[in-house]
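What follows is a set of notes on a single structure, which appears directly below.
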Amino acid sequence: MIKVWSDLILSGRLDRLNDRGTTFSYDPGADPLQAVSVTMPVRLQSWDARQGLLPIFEMNLPEGYLRDRISRQFAKSLGKFDDFDLLSVIGRTQMGRLRYSGIHEKPDEDVPFQAIDDILKSRRDGELFDYLLEKFTSYSGISGVQPKVLVRDNMSDAGARMSPSFRGATHIVKLWDPREYPELAANEFFCLMAAARAGLDVPRHRLSEGGEALVIDRFDLKEDGHYIGMEDFCVLNGRNTNRKYDGSYESAVMKRAAAFLGPEEWSRQGPDLYKLIVLNCIVRNGDAHLKNFALLYDDVNGRLRLAPVYDVVTTTAYLPKDQMALVMNGSSKWPDRQRLVDLGTRAGLSAQKAGDIINQVAQAVASTRADLAEHVNQSPAFKDIAPQITAAWETGLKDSALRDGRVHTMPETAQPLSVDITHDTALKKRVLTELTALPSSRLAEIEKATRGRLKALEEMPKPSRLELQEKRGLIAGLKLIDQVSQASMRSPDKPVSTIKQINAVKGGFRQR
Numbered sequence: 001m002i003k004v005w006s007d008l009i010l011s012g013r014l015d016r017l018n019d020r021g022t023t024f025s026y027d028p029g030a031d032p033l034q035a036v037s038v039t040m041p042v043r044l045q046s047w048d049a050r051q052g053l054l055p056i057f058e059m060n061l062p063e064g065y066l067r068d069r070i071s072r073q074f075a076k077s078l079g080k081f082d083d084f085d086l087l088s089v090i091g092r093t094q095m096g097r098l099r100y101s102g103i104h105e106k107p108d109e110d111v112p113f114q115a116i117d118d119i120l121k122s123r124r125d126g127e128l129f130d131y132l133l134e135k136f137t138s139y140s141g142i143s144g145v146q147p148k149v150l151v152r153d154n155m156s157d158a159g160a161r162m163s164p165s166f167r168g169a170t171h172i173v174k175l176w177d178p179r180e181y182p183e184l185a186a187n188e189f190f191c192l193m194a195a196a197r198a199g200l201d202v203p204r205h206r207l208s209e210g211g212e213a214l215v216i217d218r219f220d221l222k223e224d225g226h227y228i229g230m231e232d233f234c235v236l237n238g239r240n241t242n243r244k245y246d247g248s249y250e251s252a253v254m255k256r257a258a259a260f261l262g263p264e265e266w267s268r269q270g271p272d273l274y275k276l277i278v279l280n281c282i283v284r285n286g287d288a289h290l291k292n293f294a295l296l297y298d299d300v301n302g303r304l305r306l307a308p309v310y311d312v313v314t315t316t317a318y319l320p321k322d323q324m325a326l327v328m329n330g331s332s333k334w335p336d337r338q339r340l341v342d343l344g345t346r347a348g349l350s351a352q353k354a355g356d357i358i359n360q361v362a363q364a365v366a367s368t369r370a371d372l373a374e375h376v377n378q379s380p381a382f383k384d385i386a387p388q389i390t391a392a393w394e395t396g397l398k399d400s401a402l403r404d405g406r407v408h409t410m411p412e413t414a415q416p417l418s419v420d421i422t423h424d425t426a427l428k429k430r431v432l433t434e435l436t437a438l439p440s441s442r443l444a445e446i447e448k449a450t451r452g453r454l455k456a457l458e459e460m461p462k463p464s465r466l467e468l469q470e471k472r473g474l475i476a477g478l479k480l481i482d483q484v485s486q487a488s489m490r491s492p493d494k495p496v497s498t499i500k501q502i503n504a505v506k507g508g509f510r511q512r
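Take 1 as the starting number for the sequence shown in the UniProt record's numbering and just add one per residue.
In structure tokens form, the structure reads like this:
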């Protein structure tokens with residue numbers, strides 16, 4: 001039998017049921033706030049699973065390499081090793097607010113200390129992978145096929161706000177097996193960079209100097225040391241992990257999110273969920289399954305919100321024929337722009353708003369290609385996989401973001417224009433061409449929005465690295481807008497349409 005704790009308060013007990021199933025019963029004194037899931041309210045009747053664990057208890061079980069490693073370690077002493085046994089091993093340290101202990105024990109994480117700076121400074125020597133897995137495997141209640149561990153560094157920036165006595169994990173460290181998915185940490189690092197540039201909520205993430213590890217600050221940990229509730233879309237759909245590839249983005253993700261968020265929150269957060277799906281399509285992430293979307297909450301009966309972006313990688317760099325993890329409009333083939341727009345309209349967005357979001361994501365991915373190329377110079381080992389990632393992004397931009405024969409980077413409504421054109425001549429030309437084709441009234445709207453966002457960033461006392469990058473992009477965008485405006489005096493709503501005028505703008509750009 002296993003005790004189940006919600007935010008360190010006893011919720012109930014989990015036990016085996018017959019030979020294959022499990023049963024969970026709430027403690028007689030359990031408060032409704034101690035419900036283990038938004039799908040499992042407190043009640044007298046038990047919650048039973050005929051086979052295996054209920055989805056909320058299975059949610060954080062490791063898969064793949066980490067699971068195999070734990071199984072080998074404990075199977076001999078136990079005689080067998082199933083999900084119930086795995087939960088009893090790694091249940092003391094989990095993502096989200098649930099913890100598990102023995103029937104006579106209280107939750108005690110006591111994660112070993114590990115300086116994050118040492119991981120970040122690690123050079124490629126082949127020892128980091130084995131060292132971290134050996135030290136932290138049994139403390140790592142986090143799902144996923146690729147190796148990842150939970151570590152504690154309450155002396156780092158992310159952990160400094162915690163009490164010195166805090167013993168829980170503060171960071172996620174993601175590793176990779178060079179025999180299967182080389183440079184996977186760098187792959188995800190640049191996908192997350194593109195996500196942040198597209199305006200999505202992305203947790204702080206850093207790549208180690210040797211590229212062996214991606215370090216992510218936990219986004220389910222509050223400053224007072226308490227944990228935030230987290231439930232992935234397998235749980236929200238009542239499905240076990242083995243069904244994470246079942247369903248569609250329309251029903252299993254967007255419709256399900258709308259049902260749990262409610263109309264008001266959906267109107268605010270739905271566009272970001274749509275944007276994340278668009279990003280996964282453009283960067284060709286064929287592993288955007290139900291476990292890679294989640295909702296967070298401080299109160300199980302209160303407001304829910306989208307979790308920050310996580311587990312976004314370009315899978316077609318390793319599996320060229322990979323397709324979408326879930327179906328969209330009945331197909332798992334990568335969508336063209338119109339299918340993405342249709343997805344947005346089915347989610348309640350206007351076609352124009354959906355197009356704006358596609359353009360914003362396309363611009364973010366296009367501008368991140370320069371950072372990816374620069375990393376090749378800093379990490380020679382990355383050069384073997386970089387061409388495949390770049391090619392996948394180019395295909396995604398061309399096939400999923402194309403409109404009227406080209407990838408548009410202009411916002412279709414009054415949104416700021418931020419472009420990273422430092423190392424991307426092709427992007428410069430494309431932005432200039434699109435700017436010259438805009439009516440002057442529309443150009444003025446974009447300029448106003450860009451200046452407004454730039455002013456807001458300049459007023460921030462301590463902007464982050466990503467905010468500084470955005471600021472540079474906004475300044476570059478304003479320079480291009482100013483250049484186009486000066487190249488021709490246009491009447492309102494009349495675009496620069498002559499070849500002579502367009503060439504004058506491009507010529508002026510080359511002279512600068």
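Each residue gets a CB set at the ideal place from its N, CA and C atoms; glycine is no exception.
Around the CB of residue 333, fewer than 16 other CB atoms lie within 10 Å, so the residue is classed as exposed.
Note that the C-beta distance between residue 202 and residue 271 is not below 8 angstroms.
Across the structure, residue 354 and residue 49 are spaced so that their CA atoms are roughly 40 angstroms apart. For residue 353, the enclosing alpha helix (DSSP H) stretches over residues 351-378.
CA-CA distance, residue 269 to residue 482, rounds to 34 angstroms. Here residue 15 is bridged, per DSSP, to 23. Going by DSSP, residue 455 is part of the alpha helix (DSSP H) stretching over 440-458. DSSP places residue 100 inside the beta strand (DSSP E), whose first and last residues are 98-102.
Residue 126 counts as exposed, since fewer than 16 other C-beta atoms from the protein chains shown sit within 10 angstroms of its C-beta. With a minimum length of 4 residues, the unbroken runs of alpha helix (DSSP H) contained wholly in the stretch 216-280 fall at 233-236. Per DSSP, the beta bridge partners of residue 297 are 229, 304. In the structure shown, the three-state DSSP call for residue 94 is strand. Contact annotation: residue 368 and residue 189 have beta-carbon atoms that are not nearer than 8 angstroms. Here DSSP, grouped into helix, strand and coil, assigns residue 47 to strand. Contact between residue 218 and residue 170 holds, since their C-beta atoms are separated by about 6 angstroms, short of 8 angstroms.
If the five residues before and after residue 335 are omitted, its C-beta is found closer than 7 angstroms to the C-beta atoms of 281, 328, 400, all from its own chain and listed in chain order. For residue 6, the enclosing beta strand (DSSP E) has its first and last residue at 2-6. Residue range 337-346 is occupied by the alpha helix (DSSP H) that includes residue 341.
According to DSSP, residue 142 shares a beta bridge with no other residue. For residue 172, the enclosing beta strand (DSSP E) covers residues 171-174. The secondary-structure analysis by DSSP pairs residue 206 across a beta bridge with 215. For residue 199, the closest C-alpha among the options 344, 445, 416 is that of 416. Among the bridge pairs identified by DSSP, residue 327 is matched with 248.
With fewer than 16 other CB atoms across the displayed protein chains lying within 10 angstroms of its CB, residue 113 is exposed.
If you check the CB distance, residue 484 and residue 443 come in under 8 angstroms. By the CB criterion at 8 angstroms, residue 361 and residue 306 fall outside the cutoff. Within the same chain, and ignoring the five residues on either side of residue 9 in sequence, the residues whose Cβ sits closer than 6 angstroms to its Cβ are 34.
Note that the C-beta distance between residue 21 and residue 60 is not below 8 angstroms.
Assignment of beta-bridge partners to residue 148 by DSSP yields 174. Apart from the 5 residues on each side of it in sequence, residue 479 has no Cβ closer than 7 angstroms to any other Cβ in its chain. Under the three-state reduction of DSSP, residue 54 is assigned to coil, being neither helix nor strand. When beta bridges are read from the DSSP output, residue 113 appears opposite 152. In this structure, DSSP gives residue 385 a state outside helix and strand, which the three-state scheme calls coil.
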